[in-house]
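Chains as they are written, first to last, in this note's numbering: chain G, -12 to 98; chain S, 124 to 295. Every residue gets a Cβ at the ideal spot worked out from N, C-alpha and C, and that includes glycine. Notes for the one structure printed next.
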Amino acid sequence: MLDVIKQPWSWYVVGTLIGLTVPILLLLGNKPFGISSSLRHICAACFPSNLSYFKYNWKKEIWNLFFVAGVFLGGVIASFFLKDPSLVATISFMIGGILVTWFVLPFILKL
Amino acid sequence: MTSNKEENDEFAISVESIESKNKIASNIKFLLVGIVFGITFVKGEIISWFRIQEMFRFDSFHMYGVIGSATLIGIISVFLIKRFQIKTIQGEEIKIEPKEFNKGQIYGGLLFGFGWALTGACPGPLFAEVGYGFYRCDCYIFICRFWHLVLWFTKRHITPLIIKNKNQSKLK
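Dropping the structure here:
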């Protein structure tokens, strides 16, 4: 079973899973599917820079940041358990992790 | 009277803390969905810039298959939700806000496409890439930070100069 998971998945499996997240997010909490807007929320939270585009209550959209953090963790899990990590990969996702916590920590503290 | 007010304040604080706790608890499910989503990105090789180059060169059906089937399933499921008026697990009615078209979206879309082709990544897989340990991604963040610094510097130090010069020329 794990061998099947470890191989790259075919497009219809991936497409189905991505397609299914749309109704799952709608059913779980009436949330429209979208990731790009998380970058906007991060900007609004960290450096609003007095731009009207970033002046809104980003805390209402906090679910999106949780979702994005989940995507990041999914990447970590996939790299740890579903492949054998090389030294370069291990070091670089450590750096990536530090960077992301640097960006994500402010939200957690502001909660 | 004062004691009453204090009680009210305490009550307000407790309500706030409960709300924030509920916020975390109610958002954990999105984290879980995100984890599954991230693993899907990695295993579907969508995080690979090679796959995206391949798509833009019309060399492979993989990405078209992924995007096409995802869109199709999204359309069907939203149609079903609307048709049978399925409610959320909290019992709310599902509202899908209509998206308004404006001209900026064309330019935004073009910019997005340029970025997609140049970097071989779009915002979703970007986060999975950082998690997976693609060094390239960290470079993006550094580059973004750099540009942010440049923008900040120009806004802080150079824009006032320009405005000053303009005002002076007007006065003359």
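For residue j and residue i, the rounded distance between their alpha carbons
i	j	result
S:ILE196	S:VAL156	17 Å
G:VAL63	S:GLY232	30 Å
G:LEU7	G:GLU48	21 Å
G:PRO93	G:LEU60	Residue placement at G:PRO93 cannot be trusted, given a pLDDT of 49 that sits under 50; what the coordinates show is reported in the next sentence. C-alpha separation (whole angstroms): 18 Å.
G:ASN17	G:PHE53	15 Å
G:TRP(-2)	S:LYS226	33 Å
G:SER66	S:SER171	13 Å
S:GLN291	S:LYS278	19 Å
S:LYS222	S:VAL189	24 Å
G:LEU96	G:GLY57	The pLDDT assigned to G:LEU96 is 49, lower than 50, so where the model puts this residue is not dependable; a value taken from the coordinates is nonetheless given after this. Roughly 18 Å separates the two Cα atoms.
S:PHE184	S:MET178	7 Å
G:SER24	S:PHE153	15 Å
S:GLN176	G:PHE68	27 Å
S:ARG180	S:LEU284	46 Å
S:CYS245	G:GLY21	12 Å
S:ARG206	S:GLY256	42 Å
G:LEU98	S:LYS210	Low confidence applies to G:LEU98: its pLDDT is 41, below 50, so where it sits in the model is not reliable, and the reading given next is rough at best. Rounded to the nearest angstrom, the two C-alpha atoms are 28 Å apart.
S:TYR230	S:ILE212	38 Å
G:CYS33	S:ASP182	40 Å
G:VAL55	G:HIS28	11 Å
S:THR282	G:SER36	14 Å
S:ILE147	S:ILE204	27 Å
G:GLN(-6)	G:VAL0	12 Å
S:GLN208	S:LYS289	59 Å
Burial state of residue i (16 or more Cβ within 10 Å)
i	result
S:GLY247	buried
S:ARG174	buried
S:THR163	buried
S:ILE286	exposed
G:PRO10	buried
S:GLU252	buried
S:PHE224	exposed
G:ASN51	buried
S:GLY236	exposed
S:HIS280	exposed
S:SER200	buried
S:THR125	Note that S:THR125 scores 47 on pLDDT, short of 50, meaning its location in the model is unreliable; the coordinates nonetheless yield the value given after this. Flag for S:THR125 reads exposed.
S:ASN150	buried
G:ALA31	buried
For residue i, the nearest candidate out of the options (CA to CA)
i	options	result
S:GLY214	G:LEU4, G:LYS47, G:VAL1 and G:LEU15	G:LEU15
S:MET186	S:GLY167, S:ILE217, S:ALA148 and S:GLY161	S:GLY167
G:GLY2	S:ILE204, S:GLU223, S:ALA193 and S:LEU274	S:ALA193
S:GLY254	S:PHE153, S:ILE147, S:LYS226 and S:ILE158	S:ILE158
S:LEU274	G:LEU38, G:SER66, G:PHE67 and G:PHE68	G:LEU38
G:TRP(-4)	S:ILE147, S:SER149 and S:VAL165	S:VAL165
G:LEU4	S:LYS210, S:ALA148 and S:PHE160	S:PHE160
S:ILE169	S:PRO283, S:ASN288, S:PHE250 and S:ILE204	S:PHE250
S:ILE219	G:PRO19, G:LYS(-7), G:LEU12 and G:GLN(-6)	G:PRO19
G:LEU12	S:ILE217, S:GLY256 and S:GLN228	S:ILE217
At least three beta-carbon pairs within less than 8 Å, the segment 38 to 46 of chain G to the segment 241 to 250 of chain S: no
The segment -6 to 7 of chain G: which residues have C-beta closer than 9 Å to a C-beta of chain S, in chain order? Listed by position along the chain: GLN(-6), PRO(-5), TRP(-4), SER(-3), TRP(-2), TYR(-1), VAL0, VAL1, GLY2, THR3, LEU4, ILE5, GLY6 and LEU7.
Using a Cβ-Cβ cutoff of 7 Å, what residues of the segment 229 to 252 of chain S are near chain G? List them in chain order. PRO246, GLY247, PHE250, ALA251 and GLU252
According to a CB-to-CB cut-off of less than 9 Å, which residues of the segment 41 to 72 of chain G neighbour chain S? In summary, the residues of the segment 41 to 72 of chain G whose CB is separated from some CB of chain S by less than 9 Å are LYS46, ILE49, TRP50, ASN51, LEU52, PHE53, PHE54, VAL55, ALA56, GLY57, VAL58, PHE59, LEU60, GLY61, GLY62, VAL63, ILE64, ALA65, SER66, LEU69, LYS70 and PRO72, in the order they occur in the chain.
Positions along the segment 7 to 27 of chain G whose CB lies within less than 8 Å of some CB in chain S: LEU7, THR8, VAL9, PRO10, ILE11, LEU12, LEU13, LEU14, LEU15, GLY16, ASN17, LYS18, PRO19, PHE20, ILE22, SER23, SER25 and LEU26
Residues, ordered as in the chain, of the segment 155 to 169 of chain S that lie near chain G by beta-carbon distance below 8 Å: If the cut-off is 8 Å between Cβ atoms, the segment 155 to 169 of chain S has LEU155, VAL156, GLY157, ILE158, VAL159, PHE160, GLY161, ILE162, THR163, PHE164, VAL165, LYS166, GLY167, GLU168 and ILE169 near chain G.
Selection of the segment 195 to 211 of chain S by Cβ proximity to chain G, strictly under 9 Å: LEU195, ILE196, GLY197, ILE198, ILE199, SER200, VAL201, LEU203, ILE204, ILE209, LYS210 and THR211
Residues, ordered as in the chain, of the segment 169 to 185 of chain S that lie near chain G by beta-carbon distance below 8 Å: ILE169, ILE170, PHE184 and HIS185
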